[in-house]
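Undergrad: So the protein lines, in turn, are chains A and B. Going by this note's numbering, 44 is the number at position 38 of the first sequence; the sequence numbering is gapless. Going by this note's numbering, 57 is the number at position 22 of the second sequence; the sequence numbering is gapless.
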Amino acid sequence: MTWLEREREAPAAWPGELPVRNRYTFGIAGERFFRALKDEGRILGSRCPRCDILYVPARAFCERCLHGLEEWIDVGTRGEVSTFTVLHANPDGSYRETAEVIAFVRVGDGGLVHRLGEIAPEDVTIGMTVEVVLKPPAERKGSILDIDYFRPVRE
Amino acid sequence: MTAKIKNFPGTALSEKDFEAGKVLFLFDQMKAEYAWDTGVAIGEYLAGLKSGVILGAHCLHCRKTVVPPRIVCEWCYRPMQEFVPLQDTGRVNTFSLCYVTWDVRRIQEPEIPAVIEIDGASPLHGIMHKLGEVDPKKVTIGMTVKALWKPPEDRQGAITDILYFKPWKEGTR
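1) Would you check if the segment 99 to 114 of chain A and the segment 50 to 62 of chain A touch, i.e. whether three or more CB-CB distances between them fall below 8 Å?
2) Which residues in the same chain as B/Lys99 place their Cβ atom closer than 6 Å to its Cβ, once the five residues preceding and following it in sequence are excluded?
3) Taking buried to mean at least 16 other C-beta atoms within 10 Å of its own C-beta, is B/Trp137 buried or exposed?
4) Report the rounded CA-to-CA distance for A/Ile79 versus A/Leu151, giving the unit in angstroms.
5) If you run the structure through DSSP and keep just helix, strand and coil, what is B/Thr195?
6) Exposed or buried, which one is B/Val101 when buried takes at least 16 other CB atoms within 10 Å?
7) Please report the distance separating the alpha-carbon of B/His93 from that of B/Glu50.
8) Relative to the C-alpha of A/Val92, which candidate in A/Arg121, A/Ile34 and A/Cys71 has its C-alpha closest?
9) B/Pro120 and B/Val75: beta carbons closer than 8 Å?
10) With which residues is B/Gln64 paired in a DSSP beta bridge?
11) What is the rounded straight-line gap between the Cα of B/Thr179 and the Cα of B/Ser131?
12) Who pairs with A/Pro21 in a beta bridge, going by DSSP?
13) Counting only Cβ pairs nearer than 7 Å, list the residues of chain A close to B/Leu159.
14) For A/His73, which residues from the same chain have a beta carbon less than 6 Å from its beta carbon, with the 5 sequence-adjacent residues on both sides left out?
15) Is the beta carbon of B/Phe200 sitting closer than 8 Å to the one on B/Lys173?
16) What do you get for A/Ala144, buried or exposed, if any count of 16 or more other CB atoms within 10 angstroms of its CB means buried?
17) Keeping to the same chain, check which residues put their C-beta closer than 6 Å to that of B/Leu95; ignore five residues upstream and five downstream.
18) Just checking, does the segment 23 to 35 of chain A make contact with the segment 128 to 135 of chain A on the three C-beta pairs under 8 Å criterion?
19) Specify the secondary structure class of B/Pro148 as computed by DSSP and reduced to three states.
20) Under 7 Å Cβ-Cβ, which residues of chain A neighbour B/Glu79?
21) Could you give the distance in angstroms between the alpha-carbon of B/Ile194 and the alpha-carbon of A/Asp154?
22) Using a Cβ-based criterion (distance less than 7 Å to any ligand heavy atom), does B/Leu132 qualify as near the ligand ADP?
23) Taking Cβ-Cβ distances shorter than 9 Å, what residues in chain B pair up with A/Pro21?
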């Protein structure tokens, strides 16, 4: 005799939930970068004089030579679309009604990954110049989402 | 080496610093739900606990009784033949005094997890549970203990249907 039948009263499965919560702090350089974005609406980079590299977002140390970076620069609000992708699905797998464009926007020798707005997905080209659209100061929280999106620069 | 260091470099943050908005931060919460299939043997075991009985499984070939029950004998790999109700008494096989909770909070009164050899199961076969109603200093290996059950209406088919095991003299209720 083997036991193939389950006891009817027996719980079939034991449900549970793992409480996984985290709080991320940005560090010394990140704190300064996001403070400037939140309070002044500025994007900061930091330059390594030895390697002549302008890091965006700003770093505390050069990744190549480990030199401490003290030269902090306002890099303006414009960048260049380096690469992009068009999203038709949400993180949970459900389909979006309108497609969203996510781009890597090159600023200095670095850049930011963000949304593109005020443009149809089929009109986006690599190399186009885009500019920052910030949220109103009252809505900024000190996160990368304080930038609402990037939009094409209209000359 | 770290014992010699008085002040570690860096900036320690307290909960107050976060509340006061001294530092920027992002909070995130992962959805990590799971369901663990109880299977035939553990399902029966949990149903047994709900009705106030600790069940074991018996192998006729090896004459072994194990607890919690399993569907295959670990010694001869044959299917187990029967569930057997065991006593809710036993003796302490090993124990620990635990001054830290599962989420790393310090506590004054220790919790006492213990492995309890259940009466009716083969020697050295037992379950892990907690001890209660006992002075931590007086817990000994080999002491006899008895389960304290939740009231029947509160039981839900879980190992926590037994609140803890408490000291007990053989021959008493």
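Built from N, CA and C at the ideal position, the CB exists for glycine as well. Just so it is clear, the structure is predicted and the values come from calculations on it, not from any experiment.
TA: In this structure, then:
1) yes
2) Here residue 99 of chain B refers to the residue found at position 64 when the second sequence is read from its first residue. Result list for B/Lys99: Ser157, in chain order.
3) On the second sequence, residue 137 of chain B is found 102 positions in, with the first residue counted as 1. Under this definition B/Trp137 is an exposed residue.
4) Position 73 of the first sequence, counted from the first residue, corresponds to residue 79 of chain A. Position 145 of the first sequence, counted from the first residue, corresponds to residue 151 of chain A. Approximately 21 Å between the Cα atoms of the pair.
5) Translated into positions along the second sequence, residue 195 of chain B becomes position 160. Looking at B/Thr195 - three-state DSSP - the assignment turns out to be helix.
6) Indexing the second sequence from 1 puts residue 101 of chain B at position 66. With 16 or more Cβ atoms within 10 Å of its Cβ, B/Val101 is classed as buried.
7) In the second sequence, residue 93 of chain B corresponds to position 58, counting from 1. In the second sequence, residue 50 of chain B corresponds to position 15, counting from 1. About 54 Å.
8) Against the first sequence, residue 92 of chain A aligns to sequence position 86. Residue A/Arg121 is the option with its Cα nearest to A/Val92.
9) Position 85 of the second sequence, counted from the start, is the residue given in the question as residue 120 of chain B. Position 40 of the second sequence, counted from the start, is the residue given in the question as residue 75 of chain B. Their beta carbons are not under 8 Å apart, which means B/Pro120 does not touch B/Val75 by this criterion.
10) Position 29 of the second sequence holds residue 64 of chain B. B/Gln64 pairs with A/Arg27.
11) As a first step, residue 179 of chain B is located in the second sequence; it is residue number 144 there, counting from the start. As a first step, residue 131 of chain B is located in the second sequence; it is residue number 96 there, counting from the start. Each residue's Cα considered, the two are about 16 Å apart.
12) Translated into positions along the first sequence, residue 21 of chain A becomes position 15. Beta-bridge pairing links A/Pro21 to B/Ala70.
13) Locating residue 159 of chain B in the second sequence gives position 124, counting from the first residue. Neighbours of B/Leu159 on chain A: none; closest Cβ ~24 Å, over 7 Å.
14) For the purposes of this step, residue 73 of chain A is identified with residue 67 of the first sequence, where counting begins at 1. Answer for A/His73: Cys54 and Arg56, listed in chain order.
15) As a position in the second sequence, residue 200 of chain B is number 165, starting the count at 1. As a position in the second sequence, residue 173 of chain B is number 138, starting the count at 1. Cβ atoms of B/Phe200 and B/Lys173: not closer than 8 Å.
16) Residue 144 of chain A sits at position 138 when you count from the first residue of the first sequence. Its Cβ having fewer than 16 others within 10 Å, A/Ala144 is exposed.
17) If you number the second sequence from 1, residue 95 of chain B lands on position 60. Answer for B/Leu95: Gln116, listed in chain order.
18) no
19) Counting from one through the second sequence, the residue named residue 148 of chain B turns up at place 113. Looking at B/Pro148 - three-state DSSP - the assignment turns out to be strand.
20) Locating residue 79 of chain B in the second sequence gives position 44, where the first residue counts as 1. Going along chain A in sequence order, the residues near B/Glu79 (Cβ under 7 Å) are Glu13 and Ala16.
21) Along the second sequence, read from residue 1 onward, the residue named residue 194 of chain B stands at position 159. Along the first sequence, read from residue 1 onward, the residue named residue 154 of chain A stands at position 148. Their Cα atoms are separated by approximately 51 Å.
22) This structure lacks the ligand ADP; in fact it carries no ligand of any kind.
23) Numbered from 1 along the first sequence, position 15 holds the residue referred to as residue 21 of chain A. Neighbours of A/Pro21 on chain B, chain order: Glu68, Tyr69, Ala70 and Trp71.
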